[in-house]
Amino acid sequence: MPRLTLLCFVLFASAAIGAYEFESAQMEADYLKLTNELRCLVCQNQNLAGSNADLAKDLRQQTYEMLMQGKSPDQIVEYMVARYGDFVSYRPQLKRNTILLWIGPFALLALVSVLVIRAIRKKQKLRPPDAESMKRAQQLLANSEGKP
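Per my numbering, the sequence shown starts with residue 3, numbered consecutively.
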């Protein structure tokens with residue numbers, strides 16, 4: 003059964019690039035890398051390689067054409083980001099308007115850690131016993147002293 007799943011995956015993946023003919027293996031590798039690193043703007047949680055949306059098909063075609071024109075993968079990513087915004091890239095560049103994307107998860111982790119540590123320490127602080135607890139403790143001590 004796992005072999006059948008693997009076969010289906012390989013056939014699906016090859017069908018996605020089967021329509022394109024590349025001049026070199028490097029160009030094909032660049033195409034695969036780009037379509038896996040660029041996000042489908044319609045699906046939002048899929049890359050261009052895995053999306054069947056019409057826009058994703060158009061962007062795959064555009065990526066292929068730009069590679070055939072001799073553009074580098076970096077130039078293609080720059081073009082896509084300039085045209086569609088930073089959201090098109092799974093790894094946006096670190097700049098002023100994307101700093102929150104890069105620092106946000108770490109800041110949130112630090113904040114949650116501080117809150118958890120404070121809650122644990124607050125729980126661990128010893129509270130002074132109330133009058134009823136003191137009375138009960140004294141009774142237990144008195145009972146235990148009378149026994150040999």
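Note that beta-carbon positions come from the ideal geometry of N, C-alpha and C, so glycine has one too.
Asked	Found
Top-ranked residue by Cα proximity to LYS35, from VAL116, GLN71, THR65 and THR100	THR65
At least three beta-carbon pairs within less than 8 angstroms, the stretch 39–47 to the stretch 83–102	yes
Inter-stretch contact at 8 angstroms, needing at least 3 Cβ pairs: the stretch 26–35 / the stretch 64–81	yes
Three-state class that DSSP yields for ASN38 in the structure shown	helix
Exposure of ILE101, with buried meaning 16 or more beta-carbon neighbours within 10 Å	exposed
Alpha helix (DSSP H) segment containing GLU67, residue limits	56–70
Coarse secondary structure for SER91, derived from DSSP in three states	strand
Reduced DSSP secondary structure (H/G/I, E/B, other) of ASN47	coil
Inter-residue spacing [alpha-carbon to alpha-carbon] between GLN48 and PRO107	21 angstroms
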